[in-house]
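Written below as structure tokens is the structure these notes are about.
Protein chains: 2
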Amino acid sequence: MTEPRWLSESEQEVWRAYQTATKLVGESLDRQLQRDSGMPTTYYEILVALSEATGRELRMSELAEFTKSSRSRLSHAIARLEENGWVTRRSCPTDKRGAFASLTEDGMGVVRAAAPGHVNEVRTVLFDGLSTDQVKQLGEISAAIVAQASKGCPSDPCDE
Amino acid sequence: MTEPRWLSESEQEVWRAYQTATKLVGESLDRQLQRDSGMPTTYYEILVALSEATGRELRMSELAEFTKSSRSRLSHAIARLEENGWVTRRSCPTDKRGAFASLTEDGMGVVRAAAPGHVNEVRTVLFDGLSTDQVKQLGEISAAIVAQASKGCPSDPCDE
DNA sequence: GCACTGAGGTTGAGAGCTCAACAACAGGTA
DNA sequence: TACCTGTTGTTGAGCTCTCAACCTCAGTGC
């Protein structure tokens, strides 16, 4: 790292386009979910993860891994979702340090109500603008980035 | 919107990979900049935009457009950067509503000091994991997403 | 049993973002 | 001049995120 490996002209263009695109997509989704369902994207992702888990509950650490969230963020989020009555906490019987988060009926209802609008927004801002080939490429590129990122910190991309 | 246009199995995979990848990239960069330069990515982008402008200053509205930021966010950010002595505000002589933000010498120094580490991180988390073809594809895909997003709200992707 | 190290979670403070409300001014029309 | 509408930018409140400190407990070695 003695000499900075600057970006070429074309790499800079790609980088800036990438930044703009991801920012637009992220903010569109955030606005849509906040407007229609009164919650940020991160909370929605938590609820979805729980809704797909067997028994609709997960250990906090697993939930953090699924949602690529830090333990701290998740803890704050679950506290907030619990206030709303969408999630409850349960301590783990076999490991007294541990805790489960589980989705309530109300929470499941919120997910079901939010899903159509959310999916529609995803289509509108992302898929509708891309060709079939580009969608495939985007999948491969994303996977490559994830793989690359995982090399940096083996088996633990999060926290401290 | 009478019937939700659900995502296919493969689209879901792409969508999840995309979310994970963009989250990892964004958080890596945020952590790196915060750790090494004591500021979030959004602030760095503001300073870079100013550093590249003629006279190293821009109208607030132009700066908001360049950085894809809301007026509100920008206003808060500039206030913070002004406290640090990296930016100064100047009112516009021809339009009394308007304001210019301009980069100070200190601010320019901060950008110069931050750039190498930032660029290196961009390479590490993004470009190093992709083939030459994939970089090209990512550029095209990003441009397509930006174009698609601009269709939604012609010539103004921000605020209110 | 006792100490030590690490893992699982929580907490509080500080910081940035969003949203809505607002103030000040520009440009046009009557 | 007076009014009306749209633009530019700021502000404050509420919310989420990050970071570091902390607590509790599990597993290991002695």
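Here the protein sequences come in this chain order: A and B.
In case it helps, UniProt numbering puts the first sequence at residues 1 to 160.
In case it helps, UniProt numbering puts the second sequence at residues 1 to 160.
All C-beta atoms, glycine included, are put in the ideal place defined by N, C-alpha and C.
Keep in mind the model is a prediction, meaning the values are calculated, not measured.
Helix, strand or coil, according to DSSP, for residue i in the structure here?
{"i": "residue 88 of chain B", "result": "strand"}
{"i": "residue 124 of chain A", "result": "helix"}
{"i": "residue 31 of chain A", "result": "helix"}
{"i": "residue 53 of chain B", "result": "coil"}
{"i": "residue 70 of chain B", "result": "coil"}
{"i": "residue 8 of chain B", "result": "coil"}
{"i": "residue 47 of chain B", "result": "helix"}
{"i": "residue 138 of chain B", "result": "helix"}
{"i": "residue 16 of chain B", "result": "helix"}
{"i": "residue 81 of chain A", "result": "helix"}
{"i": "residue 131 of chain A", "result": "coil"}
{"i": "residue 97 of chain B", "result": "coil"}
{"i": "residue 149 of chain B", "result": "helix"}
Determine the burial state of residue i: buried for a count of at least 16 other Cβ atoms within 10 Å of its Cβ, exposed for fewer.
{"i": "residue 28 of chain A", "result": "buried"}
{"i": "residue 79 of chain A", "result": "exposed"}
{"i": "residue 69 of chain B", "result": "buried"}
{"i": "residue 67 of chain B", "result": "buried"}
{"i": "residue 6 of chain A", "result": "exposed"}
Thinking C-beta only, is residue j closer than 9 angstroms to residue i?
{"i": "residue 119 of chain B", "j": "residue 4 of chain A", "result": "yes"}
{"i": "residue 114 of chain B", "j": "residue 33 of chain B", "result": "yes"}
{"i": "residue 111 of chain A", "j": "residue 61 of chain A", "result": "no"}
{"i": "residue 85 of chain A", "j": "residue 117 of chain A", "result": "no"}
{"i": "residue 99 of chain A", "j": "residue 73 of chain A", "result": "no"}
{"i": "residue 10 of chain B", "j": "residue 122 of chain A", "result": "no"}
{"i": "residue 90 of chain B", "j": "residue 65 of chain B", "result": "no"}
Identify, in the order they occur along the chain, each residue of the same chain with its Cβ nearer than 8 angstroms to the Cβ of residue i, setting aside the five sequence neighbours on each side.
{"i": "residue 88 of chain A", "result": "82, 101, 102 and 104"}
{"i": "residue 138 of chain B", "result": "130"}
{"i": "residue 40 of chain A", "result": "30, 33 and 34"}
{"i": "residue 109 of chain A", "result": "none"}
{"i": "residue 92 of chain A", "result": "59, 98, 99 and 100"}
Contact check, residue i vs residue j under 8 angstroms by CB: the rounded distance?
{"i": "residue 17 of chain A", "j": "residue 142 of chain B", "result": "4 angstroms"}
{"i": "residue 126 of chain B", "j": "residue 146 of chain A", "result": "So it is not a contact: roughly 11 angstroms between Cβ atoms."}
{"i": "residue 22 of chain A", "j": "residue 22 of chain B", "result": "5 angstroms"}
Among residues of its own chain, excluding the 5 on either side of residue i, which ones have a beta-carbon nearer than 6 angstroms to its beta-carbon?
{"i": "residue 19 of chain A", "result": "none"}
{"i": "residue 37 of chain A", "result": "114"}
Leaving out five residues before and five after residue i in sequence, what residues of the same chain have Cβ atoms less than 7 angstroms from its Cβ?
{"i": "residue 77 of chain B", "result": "42, 43 and 46"}
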